[in-house]
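Some notes on the structure that comes next.
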Amino acid sequence: MDASVKEKSSHDDHSHHEEAFIWKYVFSIDHKVIGIQYGVTALLFLFFGFTLMMLMRWQLAYPGEAIPVISGLFSETTMPDGIMLPEFYNSLGAMHGTIMVFLAVVPLVVGAFGNYLVPLQVGAIDMAFPKLNMASYWVYFVGGIVMLVGFWMPGGAANSGWTSYPPLSNIATTGQTVWLLGMVFLITSSLLGSMNIIVTIVQLRAEGLTWMKLPFFTWAQLVTSFLLLLAFPPLEAAGVLQLMDRLTGSSFFMPSGLVVSGEVLDIAGGGSPLLWQHLFWFLAHPEVYVLILPALGIIAEVIANNTRKPLWGYKSMVYATIFLGFISFTVWAHHMFLTGMGTAINAFFQTTTMIISIPSVIILTALMISLWGGSIRFNSAMLFACAFLPMFGIGGLTGLPLGLTASDIHLHDTYYVIGHFHYVVAPGTIFAIFAGIYYWYPKVTGRAMNEMLGKIHFWLSLIFINGIFFPMFIQGLAGVSRRLYDGGASYAHAQDYLYLNEFMSISAWLLALAQIPFIINFFISWKSGQKAGDNHWDATTLEWSATTSPPLGHGNFEVVPTVYRGPYEYSVPGKDKDFTPQNEA
Amino acid sequence: MSEWILQYLYLPQDLSSHGHELDSLTGWVHLLMLILFVGWGAFYLLTVFKFNKKRNPSADYKGVKTHVSSYLEITVAVIEAVLLVGFSIPLWADVVDNIPEETAKDVVPIRIIAEQFAWNIHYAGPDGKFGRTAPELVDLSNGNPVGIDKNDPNAADDVTTVNQLNVPMNKQILVKLTSKDVIHSFFLPVMRVKQDAIPGSEFPLKFTAVSKGDNDGKYEIACAQLCGLGHYRMRGYYNIMTQEEFDAWMGEQQELLKAAGEDDGW
Numbered sequence: 001m002d003a004s005v006k007e008k009s010s011h012d013d014h015s016h017h018e019e020a021f022i023w024k025y026v027f028s029i030d031h032k033v034i035g036i037q038y039g040v041t042a043l044l045f046l047f048f049g050f051t052l053m054m055l056m057r058w059q060l061a062y063p064g065e066a067i068p069v070i071s072g073l074f075s076e077t078t079m080p081d082g083i084m085l086p087e088f089y090n091s092l093g094a095m096h097g098t099i100m101v102f103l104a105v106v107p108l109v110v111g112a113f114g115n116y117l118v119p120l121q122v123g124a125i126d127m128a129f130p131k132l133n134m135a136s137y138w139v140y141f142v143g144g145i146v147m148l149v150g151f152w153m154p155g156g157a158a159n160s161g162w163t164s165y166p167p168l169s170n171i172a173t174t175g176q177t178v179w180l181l182g183m184v185f186l187i188t189s190s191l192l193g194s195m196n197i198i199v200t201i202v203q204l205r206a207e208g209l210t211w212m213k214l215p216f217f218t219w220a221q222l223v224t225s226f227l228l229l230l231a232f233p234p235l236e237a238a239g240v241l242q243l244m245d246r247l248t249g250s251s252f253f254m255p256s257g258l259v260v261s262g263e264v265l266d267i268a269g270g271g272s273p274l275l276w277q278h279l280f281w282f283l284a285h286p287e288v289y290v291l292i293l294p295a296l297g298i299i300a301e302v303i304a305n306n307t308r309k310p311l312w313g314y315k316s317m318v319y320a321t322i323f324l325g326f327i328s329f330t331v332w333a334h335h336m337f338l339t340g341m342g343t344a345i346n347a348f349f350q351t352t353t354m355i356i357s358i359p360s361v362i363i364l365t366a367l368m369i370s371l372w373g374g375s376i377r378f379n380s381a382m383l384f385a386c387a388f389l390p391m392f393g394i395g396g397l398t399g400l401p402l403g404l405t406a407s408d409i410h411l412h413d414t415y416y417v418i419g420h421f422h423y424v425v426a427p428g429t430i431f432a433i434f435a436g437i438y439y440w441y442p443k444v445t446g447r448a449m450n451e452m453l454g455k456i457h458f459w460l461s462l463i464f465i466n467g468i469f470f471p472m473f474i475q476g477l478a479g480v481s482r483r484l485y486d487g488g489a490s491y492a493h494a495q496d497y498l499y500l501n502e503f504m505s506i507s508a509w510l511l512a513l514a515q516i517p518f519i520i521n522f523f524i525s526w527k528s529g530q531k532a533g534d535n536h537w538d539a540t541t542l543e544w545s546a547t548t549s550p551p552l553g554h555g556n557f558e559v560v561p562t563v564y565r566g567p568y569e570y571s572v573p574g575k576d577k578d579f580t581p582q583n584e585a
Numbered sequence: 586m587s588e589w590i591l592q593y594l595y596l597p598q599d600l601s602s603h604g605h606e607l608d609s610l611t612g613w614v615h616l617l618m619l620i621l622f623v624g625w626g627a628f629y630l631l632t633v634f635k636f637n638k639k640r641n642p643s644a645d646y647k648g649v650k651t652h653v654s655s656y657l658e659i660t661v662a663v664i665e666a667v668l669l670v671g672f673s674i675p676l677w678a679d680v681v682d683n684i685p686e687e688t689a690k691d692v693v694p695i696r697i698i699a700e701q702f703a704w705n706i707h708y709a710g711p712d713g714k715f716g717r718t719a720p721e722l723v724d725l726s727n728g729n730p731v732g733i734d735k736n737d738p739n740a741a742d743d744v745t746t747v748n749q750l751n752v753p754m755n756k757q758i759l760v761k762l763t764s765k766d767v768i769h770s771f772f773l774p775v776m777r778v779k780q781d782a783i784p785g786s787e788f789p790l791k792f793t794a795v796s797k798g799d800n801d802g803k804y805e806i807a808c809a810q811l812c813g814l815g816h817y818r819m820r821g822y823y824n825i826m827t828q829e830e831f832d833a834w835m836g837e838q839q840e841l842l843k844a845a846g847e848d849d850g851w
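The listed protein sequences correspond, in order, to chains A and B. Counted the way this note's numbering counts, the first sequence spans residues 1 to 585. Counted the way this note's numbering counts, the second sequence spans residues 586 to 851.
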């Protein structure tokens, strides 16, 4: 608190009063405040994205039936008399995906956790470019608002899937234009943020903090930022091209001779719908690793701390992460196996897909083996981290039959795919986010969250989230396609598996109820949680050992730390305490 | 082993000549997944039980000292390589990429043109040649959904249907798939066929029905790619027929065409 006053006054001779609210909390250039801004905004979007899905799950469980209680909240063009229209269902689907990926999960793992923790873990007084950092948040915020505005457009929000495949997206209602504009903002925000993280890690590490002494979380953030920086520009270009197709009558993604509803479309033609898919997935596959790597980083920190021993195979984890980053640029077309590929190109992409499974297996195995020999404290953070391992394992393993083209033929675009990537991102990454929140909450607020509420939150979430996603594998194997407004009720081959829809929907609503203890805990603990010390978990990394909870306003450290040892020196033989901080000489 | 696990995998019936091979790969992969999950799961459960703080009050700095896991990782990689090189790549080359000539013996060529939200089926007729088509000739009200040029001599015996695909059993069906408007995906679950229908391009696919199955040959065509608000009801039907039934149906269609042609002349 004092430091912020001091710093401000040193810059500005005329004033000695505290920073105004607006500069301190709204247009802050302090990475910690920006991290919290990202975190709170993205958690709200996470909840909103979840709400959209809960509406969809009503329609899937009870197709064509009026939604009870809340039907009055919706307009005639979305849910007349409480009955969802297919257009609205498609909007909800597209926006659920978009919001969860681009407005909730990535901003949480990179914008919130990355922003808050990277400078602290590397011993820097702030990000390399604090003003860019502020710009990154506000551009993200505007992008989010633009996305939401889509819901009020004629025809509703974007409704061509989060993947926005043309020609469907090109001929879609105005919501799609708004979606593309929103994406341009979100991509710009990501580029600003990722450059900042890269430069901070490369340039601002504390004295003695060599590469192999970096916490794994920071390594994961570094590789993630490279993925964002290199993979997003193609999608930004593609987004602009699609905007031009929609607004200026160009035909980058429109072939000649299109006939829509019996009428020949009056367009230039000559474009290629597959070009969009290549540009989109060139981003969106690395994006998958943007969702996963920081989550693995969080899990690594929580596991090392709560097993009270070093990570097993830290170096192989780092090398695997770097390798994974490179290979993630060569697998994108495995999302396009059924677009008419020949054997050669197909063999290439399924080979790279199998190769990328190897570093993933190495990282997951190392985390699992790290548990062996530990003295494990099962607090809420550790419970989520422990559950992450098998859940992420299911997500990874179910990628195998999708990555091999011959078995993908039947499973492609079915609920099997939905189950697969949700296991990776929901009980995978989102569980990691919860682990991270429980773990770093005392650092951010100076108070710990309630363990009892945390454990209730954990066990209920674990049960219900599996209730949602596991049955999807059964439906997928049976051949039920994804993105069906009636959940498959029209199809004979889906009839035997429709009962699962109700089961999954009820699980989803119960999962929402299971978040109540978390929400209560989150707010109550802020003011009246148990007071936490500076190093609440007896941890070794700099954010815990070298600064207060919460860290100083501007500047983070009273004394900028020097680093003498690796990140996870727990239970070192011969030492009297079971942790040796990185900055302990 | 692959057969054993397939009984628990909820796959629909397989009535195609190639589906068995695809399913067998699906079976092997799921067996590998099951073994890995159970193996890792057992280690994991043992670990979290054994190394609970209460049972093990002080942690071991080194932890696991062997490198068994490296051998395990290599084994997984080798198995994946076998599945890839031994099964998946050759299967793709044979099942998907090995497309017969349209004019080859025992091949029945059929054009399928997807649109929002229907499947238009275009048969070449007895001459085995498709008539010319053009987008500007599409006329939904006059029964010309695929835009056949009636002046082309090859078009005289061409038959079109909407949402009803009839295929003879034990013949290679060569589907030439495209779309008029947006991307759709042609999915026949019991035939283990799925292929995107992409406007502006025509991609071939093949399958051979070997049995009528439990539902006397009557099954559904599903759309597997989001194609708009009617995606969920873009359902077609197909009928697996004996050669005699198929010939009889095609004969009827030719009679109808002749009758319609005489009407036009009148």
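Idealized CB from N, CA, C, for every residue including glycine.
TODO: Using three-state DSSP, classify T746/B as helix, strand or coil.
DONE: strand
Task: Straight-line Cα distance separating A295/A from T321/A - done: It is roughly 12 Å from the alpha-carbon of T321/A to the alpha-carbon of A295/A.
- [ ] Establish whether the CB of A492/A and some CB of chain B are separated by less than 8 Å.
- [x] Yes - at least one Cβ of chain B is within 8 Å of the one on A492/A.
- [ ] With hydrogens ignored, establish whether the beta-carbon of N305/A is closer than 7 Å to any heavy atom of the ligand PLP.
- [x] By its list of ligands, the structure shown contains no ligand whatsoever, and the ligand PLP lies outside what it can speak to.
Task: First through last residue of the beta strand (DSSP E) which encompasses F733/B - done: According to the sequence shown, residue 733/B is Ile rather than Phe. Where I733/B is concerned, there is no enclosing beta strand (DSSP E), given that its DSSP letter is neither H nor E.
Task: Residues, ordered as in the chain, of the stretch 776-794 of chain B that lie near chain A by beta-carbon distance below 7 Å - done: Residues passing the 7 Å Cβ filter: R777, K779, Q780, D781, I783, P784, G785, S786 and F788.
Task: Proximal residues to T200/A (C-beta, below 8 Å), its chain only, five neighbours per side dropped - done: Excluding the 5 residues flanking it on each side, T200/A has same chain C-beta neighbours closer than 8 Å at V118, P119, V122, A124, M127 and A128, in chain order.
Open item on the list: If the cut-off is 9 Å on Cβ atoms, which residues from the stretch 354-377 of chain A count as contacting chain B, listed in chain order?
Closed with: M354, I355, S357, I358, V361, I362, L364, T365, A366, M368, I369, S370, L371, W372, G373, G374, S375, I376 and R377
Task: Range covered by the beta strand (DSSP E) that runs through S764/B - done: Q757 to S764
Task: Contact with chain B by L645/A, beta-carbon distance below 8 Å - done: No answer is possible for residue 645/A: it lies beyond the span of chain A, which begins at 1 and ends at 585.
Open item on the list: Rounding to the nearest angstrom, what Cα-Cα distance links I67/A and W58/A in this structure?
Closed with: 7 Å
TODO: Say whether chain A places a C-beta atom closer than 8 Å to the C-beta of Q810/B.
DONE: yes
Task: Closest Cα partner of P774/B within the set Y416/A, H410/A, R308/A and D486/A - done: H410/A
Open item on the list: Just to make sure I have the definition right: I need the residues of chain B whose C-beta is within less than 7 Å of the C-beta of R483/A. Which are they?
Closed with: L811 and H816
Task: Within the stretch 779-838 of chain B, ranges of the beta strand (DSSP E) (whole runs, at least 3 residues) - done: 788-793, 803-808 and 821-826
Open item on the list: Quick test of your reading: I783/B and V693/B, contact by CB under 8 Å. State the CB separation rounded to the nearest angstrom.
Closed with: Distance from I783/B to V693/B at the Cβ level is roughly 23 Å; contact not present, criterion being Cβ atoms closer than 8 Å.
Open item on the list: Determine whether the beta carbon atoms of K32/A and P401/A lie at a separation below 8 Å.
Closed with: no
Task: Top-ranked residue by Cα proximity to R820/B, from A809/B, N736/B, I733/B and E687/B - done: The shortest Cα separation from R820/B among A809/B, N736/B, I733/B and E687/B belongs to A809/B.
Open item on the list: When you compare the stretch 291-308 of chain A with the stretch 207-222 of chain A, are there three or more beta-carbon pairs, one atom per stretch, that lie closer than 8 Å?
Closed with: yes
TODO: Please check if any C-beta of chain A sits within less than 8 Å of the C-beta of P597/B.
DONE: yes
Open item on the list: Classify T339/A: buried if its beta carbon has 16 or more other beta carbons within 10 angstroms, exposed otherwise.
Closed with: buried
TODO: Indicate the three-state DSSP secondary structure (helix, strand or coil) for T174/A in the structure shown.
DONE: coil
Task: Sufficient close CB pairs (3 or more, under 8 Å) joining the stretch 789-805 of chain B to the stretch 429-441 of chain A - done: no
Open item on the list: I'd like to know whether the C-beta of R820/B is nearer than 8 Å to at least one C-beta of chain A.
Closed with: yes
Task: S250/A beta carbon less than 8 Å from that of G175/A - done: no
Open item on the list: Which residues in chain B have a C-beta closer than 8 Å to the C-beta of D578/A? List them in chain order.
Closed with: S643 and A644
Task: Reduced DSSP category for S571/A - H, G, I as helix; E, B as strand; rest coil - done: coil
Task: One or two residues paired with L630/B in a DSSP bridge - done: Its beta-bridge partners do not exist; DSSP assigns none.
Open item on the list: Suppose you measure from the CA of V559/A to the CA of A206/A; what does that come to, to the nearest Å?
Closed with: 11 Å
TODO: Select from the stretch 82-113 of chain A all residues with a C-beta closer than 7 Å to any C-beta belonging to chain B, and list them in chain order.
DONE: P86, E87 and N90
Task: Delimiting residues of the beta strand (DSSP E) encompassing N705/B - done: A703 to Y708
- [ ] Would you mind working out which of K843/B, H816/B and Y823/B sits nearest A489/A, comparing C-alpha positions?
- [x] H816/B
Task: Close-in-space but distant-in-sequence residues of the same chain around V767/B (CB under 6 Å, 5 per side omitted) - done: Excluding sequence neighbours, V767/B sits near C812.
Open item on the list: Threshold first: 3 residues or longer. Then list the beta strand (DSSP E) segments lying entirely within the stretch 187-232 of chain A, N to C.
Closed with: none
Task: Proximal residues of chain B, C-beta to C-beta of A539/A below 7 Å - done: Simply none; closest approach about 14 Å.
Task: Beta-carbon contacts of H11/A that lie in its chain and below 8 Å, excluding the five residues immediately before and after - done: In this prediction, H11/A scores a pLDDT of 46, lower than 50, which makes its location untrustworthy; the coordinate-derived value is nonetheless stated afterwards. Nothing meets the Cβ criterion.
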